[in-house]
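Protein chains in written order, with the UniProt record's numbering: chain R, 1 to 320; chain U, 1 to 320.
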């Protein structure tokens, strides 16, 4: 999830994703497809199911934006659901707002089972009325892996602060320094031709490179990261809806599919030293996300009391 | 120096540069100003002086481009000259070309004295006639520091393949993973507000972000790197000459000044473990520059025999 300073700024969640190289890693994920709880037709939903359904509503974003997020989350659930626990966030962290209800948010976090390579997956949306009369809407899906694999994390943030513009952050975030570990760059980014997704979006005239004001965000992303601003201006024929449906959506779905198959589900051999390295570097990434990004934005958006409550719970997952 | 595949592509030299934080490092550089040998008025120049003068001619680039390179090299010489040895490259590596003379190049490399923090500084130019009738001209200044300091290296590449366009790579290249070492990012990039130089150039309508086809180059650069394409098109009033003189030049000079004062000349405390880390990471950067970038381009530009001779000598400085 990405949190914005005034307009659009720095991202908070960080994910990664690579592919097989010479080795032939085994898939650790079940082929069975589980039903996403929020899409259940059960007539009697318990509180947790209600909160999940509320989360899946994405009530403040437009049709193709909502459709994309529901598709991505459903894909995660159907293909990785059997490796994940149910959401264990308290109800008042799954859905919360500020005292005037001008800012609202919903979070859905599922930890990986002990046998899974997945640490946790967090989906979320934030809505905030802007003093100018418009609104800021952020939707996000981030997925962290355990140090039992060195495969990248996954990160998607869609940040919309006007009906005609959007910032997109989409990446498989590296877990090792690509300079000290050139094989890592080769395996996960060069051999996989991951850059083709960025190249594809960059061909659109309404898509421009976006520079996050946070140098940490720029540094944590991969060299193939998609970090773009989309501004359709007065072009009614090619609205943001159209760009999400026909361009952002297909790329996001393809990258998530790749991450699920080749990062989350493929078993890799990681030695003890590398595991320690991954644990330490992941810890920095997760702590920075909470402290610097969310820690700076949540009090402003939701007030200190709500921010303290939510961040306090999230720190249990991201590390203190 | 940056070498181009067909049009403009990947860079070869890598440098860095930061500033003081809480510590108060001492300056290791002499305040005396030495005369740059190539600008000497001595009537009797020896072969080495002639080669230096030939290098400083930058015979294939236009007025403001040449003026900028001479100013930068003179600045290096006058402020760091007393910490550097004379160029020890053999004459046929200081100036060389291919068999048809359609490609020519000049290199000038000065190693740091044992007491200096500077490993070596390489200036160079490459000219190559293009089959299309135009020419490719690259000018470059790169400076590497020793593991006795963790300050960034310096990198400047100006790559011109048409009279109306230019690729600029200008960076203080990090020597530590900015994620595993967040203090490094803070000290050298955040606290110094280095990003202002990139922001300044990005305000010009003719300046666009440039994506190197080499993921290694994208990964090795800092989050404040200037990696831009400049295309003035048919705009006669704002030609490339004008952009170099009024925009690229001032930024390049300011960044080099900063690197000299705050990176090359400030003494820093580096422990044994950190020194080992820097040595290993620097080694990868330098070997990749020679093997991947120059190693792929020089044979194509100058033929295998000349490339082997030049690269063989450069490996003595960059590592094998």
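Backbone N, C-alpha and C define an ideal beta-carbon position, used for all residues, glycine too.
Check: Should residue 246 of chain R be labelled buried (16 or more other beta-carbon atoms within 10 Å of its own) or exposed?
Finding: With fewer than 16 Cβ atoms within 10 Å of its Cβ, residue 246 of chain R is classed as exposed.
Check: Name the chain R residues that come within less than 8 Å of residue 49 of chain U, Cβ to Cβ?
Finding: Among the residues of chain R, none has a CB under 8 Å from the CB of residue 49 of chain U; the nearest is roughly 38 Å distant.
Next item on the list: Inspect the CB distances between the region 218-231 of chain U and the region 185-205 of chain U and report whether three or more fall short of 8 Å.
Entry: Touching, per the Cβ criterion.
Item checked: Pairwise C-alpha distance: residue 126 of chain R and residue 306 of chain R -> Their backbone Cα atoms lie some 14 Å apart in a straight line.
Item checked: For residue 160 of chain U, the three-state DSSP class (helix, strand or coil) -> It is a strand residue.
Notebook entry, point to check: the region 209-226 of chain U: which residues have C-beta closer than 7 Å to a C-beta of chain R, in chain order?
Noted result: When C-beta distances to chain R are compared with 7 Å, the residues of the region 209-226 of chain U below that value are 209, 215, 216, 218, 219, 220, 223 and 224, in chain order.
Margin query: Here's the rule I'm using: 16 or more other beta-carbon atoms within 10 Å means buried, otherwise exposed. How should residue 92 of chain R be labelled?
Written below: Classification for residue 92 of chain R: exposed.
Next item on the list: Name, please, each residue of chain R whose Cβ falls closer than 7 Å to the Cβ of residue 189 of chain U.
Entry: Contact note: residue 189 of chain U reaches chain R through 215, using a C-beta cutoff of 7 Å and chain order.
Next item on the list: Drop a sphere of 10 angstroms on the beta-carbon of residue 123 of chain R, count the other beta-carbons inside from all chains shown, and report buried for 16 or more, exposed for fewer.
Entry: The residue in question, residue 123 of chain R, is buried, as its Cβ has 16 or more Cβ neighbours within 10 Å.
Margin query: Are the CB atoms of residue 87 of chain R and residue 54 of chain R within a distance shorter than 9 Å?
Written below: It is not a contact, given that the beta carbons lie outside the stated cut-off.
Next item on the list: Please work out which residues of its chain come closer than 6 Å, Cβ to Cβ, to residue 64 of chain R, disregarding the five sequence neighbours upstream and downstream, and give them in chain order.
Entry: So the qualifying residues of the chain are 241, 244 and 245.
Next item on the list: Report the neighbours of residue 180 of chain U on chain R: residues whose CB is nearer than 8 Å to its CB, in chain order.
Entry: Neighbourhood of residue 180 of chain U in chain R, by CB distance below 8 Å: 177, 280, 281 and 284, in chain order.
Item checked: Within chain U, partners of residue 288 of chain R - CB distance below 8 Å -> The contacting residues are 182.
Check: In three-state terms, what does DSSP make of residue 89 of chain U?
Finding: Three-state result, residue 89 of chain U: coil.
Notebook entry, point to check: Can the beta-carbon of residue 230 of chain R be found closer than 9 Å to that of residue 180 of chain R?
Noted result: 9 Å or more divides the Cβ of residue 230 of chain R from the Cβ of residue 180 of chain R.
Next item on the list: Kindly list the residues whose CB is nearer than 6 Å to the CB of residue 137 of chain R, restricted to its own chain and excluding five residues on each side of it in sequence; keep chain order.
Entry: 60, 61, 127 and 160.
Checklist line | Exposure label - residue 187 of chain U; buried when at least 16 CB within 10 Å | finding: With 16 or more other Cβ atoms from the protein chains shown falling within 10 Å of its own Cβ, residue 187 of chain U counts as buried.
Notebook entry, point to check: Within the 9 Å Cβ cut-off, does residue 231 of chain U reach chain R?
Noted result: No, no contact with chain R.
Note to self: Suppose only complete runs of 4+ residues qualify. What are the alpha helix (DSSP H) ranges in the region 264-288 of chain R, listed by chain order?
What the structure shows: Fully enclosed alpha helix (DSSP H) runs of 4 or longer: 272-288.
Margin query: Determine, for residue 309 of chain U, whether the minimum Cβ-Cβ distance to residues of chain R falls below 9 Å.
Written below: No, its Cβ sits nowhere closer than 9 Å to a Cβ of chain R.
Notebook entry, point to check: Grouping DSSP H, G and I as helix and E and B as strand, with all else coil, what is residue 144 of chain R?
Noted result: Of the three classes helix, strand and coil, the one that applies to residue 144 of chain R here is strand, per DSSP.
Notebook entry, point to check: What residues of chain R sit near residue 72 of chain U, judged by a beta carbon separation below 7 Å?
Noted result: Contact annotation for residue 72 of chain U against chain R: no contact, minimum CB-CB distance about 25 Å [criterion: below 7 Å].
Check: With a cut-off of 9 Å, does the C-beta of residue 195 of chain U fall near any C-beta of chain R?
Finding: Judged by the 9 Å Cβ criterion, residue 195 of chain U is in contact with chain R.
Checklist line | Cβ distance (whole Å) where residue 89 of chain R is taken to contact residue 29 of chain R below 8 Å | finding: So it is not a contact: roughly 23 Å between Cβ atoms.
Item checked: Status (buried if at least 16 other CB within 10 Å, exposed otherwise) for residue 120 of chain U -> Within 10 angstroms of the beta-carbon of residue 120 of chain U lie 16 or more other beta-carbons, which makes it buried.
Check: What did DSSP end up calling residue 64 of chain R once you bin it into helix, strand or coil?
Finding: Residue 64 of chain R: helix per DSSP, three-state reduction.
Check: What separation, rounded to the nearest whole angstrom, lies between the Cα atoms of residue 32 of chain U and residue 77 of chain U?
Finding: Only weak support is given to the placement of residue 32 of chain U: the predicted model assigns it a pLDDT of 45, under 50, and the value that follows is read from those uncertain coordinates. Cα-Cα distance, rounded: 11 Å.
Check: Looking only at C-alpha atoms, which of R:168, R:151 and R:261 sits nearest to residue 158 of chain R?
Finding: Of the listed residues, the one whose Cα sits closest to residue 158 of chain R is R:168.
Margin query: So within the region 165-195 of chain U, which uninterrupted beta strand (DSSP E) runs reach at least 3 residues, ignoring any that extend past its ends?
Written below: For the region 165-195 of chain U, the full-length beta strand (DSSP E) segments reaching 3 residues or more read 165-171 along the chain.
Item checked: Inter-residue CB distance, residue 281 of chain R and residue 318 of chain R (contact presumed, cutoff 8 Å) -> In fact, because the Cβ distance is near 14 Å, the residues do not count as touching under 8 Å.
Next item on the list: Would you kindly work out how many angstroms separate the C-alpha atoms of residue 203 of chain R and residue 253 of chain R, rounded to a whole number?
Entry: Roughly 19 Å between the two C-alpha positions.
Checklist line | Run of the alpha helix (DSSP H) containing residue 297 of chain U, from where it starts to where it stops | finding: Note, residue 297 of chain U: alpha helix (DSSP H), 295-302.
Notebook entry, point to check: Which whole runs of the alpha helix (DSSP H) in the region 193-257 of chain R are 4 residues long or more, in chain order?
Noted result: The region 193-257 of chain R contains these whole alpha helix (DSSP H) runs: 195-202, 215-220 and 240-243.
Next item on the list: My understanding is that residue 83 of chain R touches residue 113 of chain R, with C-beta atoms under 8 Å, so please give their C-beta distance in whole angstroms.
Entry: Yes, they are in contact, since the Cβ atoms of residue 83 of chain R and residue 113 of chain R sit about 6 Å apart, within 8 Å.
Notebook entry, point to check: When the Cα atoms are used, what is the spatial distance from residue 49 of chain U to residue 184 of chain R?
Noted result: Looking at the backbone, the Cα of residue 49 of chain U and that of residue 184 of chain R are separated by about 45 Å.
Check: What does residue 185 of chain R reach in chain U if we use C-beta pairs closer than 8 Å?
Finding: Within chain U, the residues near residue 185 of chain R are 215, 216 and 219.
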